[in-house]
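Number of protein chains: 2
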Amino acid sequence: MALRHAVLAALLDGELSGYQLAKAFDVGVANFWHALPQQLYAELARLEREGLVAGRQVVQETRPTKRLFHVTDAGLAELERFAAAASKPSFIRDDLLVKVQAADHVDAGPLIRQAEERAAIAEAKIDLFRRILRKMRGGLGEEEFLRTGGRVGPYLTCLRGLAFEEGNRDWCLRTAAILRERSAAMPGEGTAAMTREATAPAPRNPEVAHAER
Amino acid sequence: MALRHAVLAALLDGELSGYQLAKAFDVGVANFWHALPQQLYAELARLEREGLVAGRQVVQETRPTKRLFHVTDAGLAELERFAAAASKPSFIRDDLLVKVQAADHVDAGPLIRQAEERAAIAEAKIDLFRRILRKMRGGLGEEEFLRTGGRVGPYLTCLRGLAFEEGNRDWCLRTAAILRERSAAMPGEGTAAMTREATAPAPRNPEVAHAER
DNA sequence: CTTGACTAGTCATATTGTTGACTATGAACG
DNA sequence: CGTTCATAGTCAACAATATGACTAGTCAAG
Chain X
1 MALRHAVLAA LLDGELSGYQ LAKAFDVGVA NFWHALPQQL YAELARLERE GLVAGRQVVQ
61 ETRPTKRLFH VTDAGLAELE RFAAAASKPS FIRDDLLVKV QAADHVDAGP LIRQAEERAA
121 IAEAKIDLFR RILRKMRGGL GEEEFLRTGG RVGPYLTCLR GLAFEEGNRD WCLRTAAILR
181 ERSAAMPGEG TAAMTREATA PAPRNPEVAH AER
Chain R
1001 MALRHAVLAA LLDGELSGYQ LAKAFDVGVA NFWHALPQQL YAELARLERE GLVAGRQVVQ
1061 ETRPTKRLFH VTDAGLAELE RFAAAASKPS FIRDDLLVKV QAADHVDAGP LIRQAEERAA
1121 IAEAKIDLFR RILRKMRGGL GEEEFLRTGG RVGPYLTCLR GLAFEEGNRD WCLRTAAILR
1181 ERSAAMPGEG TAAMTREATA PAPRNPEVAH AER
C-alpha cells in the first residue's frame, strides 16, 4: 500500500492534476516510485473519498478542464504515520537480469544488444537527473544546498535515482563488453555446448537418492 | 510474465526442489528476481504442466520426500525466446524512498533510523555477495574469470546485486547524515514549519485559473 | 482537411503478488 | 517430554499492478 503514499509525497510540493502526476510517475523521472495513469487516477479518487487529498476544478480556455489536487491535513498525518512505520525491503526485479542470469545457455547476441540499449537509456536518465538536480539546488553547491536549502527530500531521492542509473549504465556496459568478448572467443556458444558439459542435464540417476549436501 | 523465466534461469545450473528455489528467491540472494514460496510452487506446477520443466521424486530417509526440477529442452527454447524479446525497463520501487521524498514534511527521526537500519542490511548483503562471488570465481581473478570461466551469467547478476547494495548503503548513510545534521540545525522541523512557508498549501486563489506554465 | 500528438480522464478485465493459515515429519534443545 | 526449528509443500482470499480500449477537445504539420 505504498502507491497512495507515493502520491501524497508527490503532491507535497505543489498541486498537480492527475495527468501531471501520471507523467511524473511514468517517465523515468519517477525516481522513487512508478505507476501507470490508470492507477493514479484510481488512487486519487480513493484518496479524495478518504479525505487525504482535496481537488479543485480548474477551467482552462484552450485545454480540457482539469482538477488540481493537494494534500489535506489528514493526508499529511497519514504520511507521517507511514514514515514512522517499518519499511519493507526493496528488491531488484528486472527482465534483463533474468536474461543475463541465463547468459551461458542462450544466444548472447540479443543480450548484448539489449544491454547496450539499456546503457544508452540509463545515460539519458543520468543527464536528465543531473539537470533536475542542478535546477533544484539553484546557484548553491550540493553540500551547501543539502545543509541549508529548503525541501531536500526530492533532491535526495533524485540522487538515489542518479546513482541507480549510473550503476545500471556501468553494469550494462561491462556486461555487454564481457559477453561480446566471450562470444568472439568461442563463436559456437549460446544454446550450444562449450568444451565441457551443457546439454546433459546432470549425472541423473533416475530414482532415489539420499545424503543431500 | 518474467517469474517463469526467472525460475527457468535459476534452474539452469543444477536441479532444485521448490523449497530450495524458494530460499534462493527469498533471502536477498535473489539478485535478479524475488518471489515468495507460494508463487514458486505455483509457477513450478504451471511450468511442469506446460512441459518446460520436469521433476523427479527423491525419497529421503530422514526428511520429507521432495521433487527436484530441471529445465527441459522446451524450457530452454522458451528461455531463448524470452532472452531475444524486448525487456521492459526496470523501475525503482522503494518504501523508504517514498518516505525520504516527504522528508521535509514529516518527522526526521524515524527516517534517520530507517536509513541507518537499511544501510546495515545493505552492508550485510554486500558481504554475502562478495563471498558468493569469491566462491564462484574460485582461484581466478575477476577479469580472468569473466574472460575464461564457465557460467558467467550468475556472476554478472551477482555483480549487479553487489553494486546495487553498495549504492543503497552509500545513499542511506549520506541521507541519514544529512537529515541528522539538518534536524540538529533546525530542531523545530518535521511536520512543523521552517522559517518560510510550509503549512500554507499554495498561493491558492480559490477558483478558475488560466495560463498554466 | 486529415493525420498525428498532446491534454485530460475513465472503464473493464487480466495477471501478478501478498497474506495468512494449514499439513506433515524428523532433529535438536533443554 | 514437550517445544521449537528446518524441511517440504499446499490452499484460499485478497490486494496491487498491468493491459487495452475508449471519449473528447486543441493544435500544428503536411
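Chains X and R, in that order, are what the protein sequence lines are. The first sequence stops at residue 213 when you use the numbering used here, and every number in between is there. The second sequence stops at residue 1213 when you use the numbering used here, and every number in between is there. Just so you know, even glycine gets a beta-carbon here, dropped at the ideal spot from N, CA and C. Since the model is a prediction, treat every value here as computed from it, not as a measurement.
Query: Bounding residues of the beta strand (DSSP E) (the contiguous stretch that carries X/Val7); Result: It is not in any beta strand (DSSP E) - X/Val7 instead sits in the alpha helix (DSSP H) that spans Leu3 to Leu11.
Query: Span separating the alpha-carbon of R/Asp1013 from that of R/Ser1090; Result: 25 Å
Query: Secondary structure of R/Val1106, DSSP reduced to three states; Result: coil
Query: Interface residues of chain X facing R/Phe1069 [CB-CB closer than 9 Å]; Result: Within chain X, no residue comes near R/Phe1069; the closest Cβ sits about 10 Å away, beyond 9 Å.
Query: Chain-ordered residues of the segment 1096-1114 of chain R with a beta carbon less than 7 Å from chain X; Result: Leu1096, Leu1097, Val1098, Lys1099, Val1100, Gln1101, Ala1102, Ala1103, Asp1104, His1105, Val1106, Asp1107, Pro1110, Leu1111 and Gln1114
Query: Residue(s) in a DSSP beta bridge with X/Gly55; Result: X/Phe69
Query: R/Pro1187 classed as buried or exposed, judged by whether at least 16 other C-beta atoms fall within 10 angstroms; Result: exposed
Query: Through-space distance from R/Val1071 to X/Pro201, alpha-carbon basis; Result: Caution is warranted here: a pLDDT of 40 is assigned to X/Pro201, below 50, making its placement in the model unreliable, and the coordinate value is therefore given only provisionally. Going from the Cα of X/Pro201 to the Cα of R/Val1071 covers about 8 Å.
Query: Unbroken alpha helix (DSSP H) run spanning X/Tyr166, endpoints; Result: A quick correction: the sequence has Glu, not Tyr, at residue 166 of chain X. Unbroken alpha helix (DSSP H) run through X/Glu166: Gly153 to Ala185.
Query: Contact with chain X by R/Ala1009, beta-carbon distance below 8 Å; Result: yes
Query: Beta-ladder partner(s) of R/Leu1016, from DSSP; Result: R/Phe1069
Query: Environment of X/Val59 [buried if 16+ CB atoms lie within 10 Å]; Result: exposed
Query: Which listed residue (X/Ala84, X/Arg137, X/Ala176 and X/Ala42) has its alpha carbon closest to that of R/Leu1156; Result: X/Ala176
Query: Contacting residues, own chain, Cβ-Cβ under 7 Å from X/Gly55 (five flanking each side not counted); Result: Glu48, Arg67, Leu68 and Phe69
Query: Three CB pairs or more closer than 8 Å across the segment 1111-1119 of chain R and the segment 1134-1154 of chain R; Result: no
Query: Contact between the segment 21-38 of chain X and the segment 1096-1115 of chain R (3+ Cβ pairs under 8 Å); Result: yes
Query: Proximity test, Cβ basis, 8 Å: R/Ala1037 and chain X; Result: Going by the sequence as given, residue 1037 of chain R is Pro instead of Ala. No, its Cβ sits nowhere closer than 8 Å to a Cβ of chain X.
Query: Helix, strand or coil at X/Val100 [DSSP, three-state]; Result: helix
Query: Partners in chain R for X/Gly55, counting only beta-carbon separations shorter than 7 Å; Result: Correct list: empty, because the minimum Cβ distance to chain R is about 12 Å.
Query: Interface flag, X/Arg245 vs chain R, CB-CB below 8 Å; Result: Nothing in the structure corresponds to residue 245 of chain X, since chain X is present only between 1 and 213.
Query: Alpha helix (DSSP H) segment containing X/Glu144, residue limits; Result: Glu142 to Thr148
Query: Buried versus exposed, by CB contacts within 10 Å (16 or more), X/Ala192; Result: Legend: pLDDT at X/Ala192 = 47, less than 50; position of this residue unreliable, no value from coordinates given.
Query: Buried/exposed call for R/Asp1104, threshold 16 Cβ in 10 Å; Result: buried
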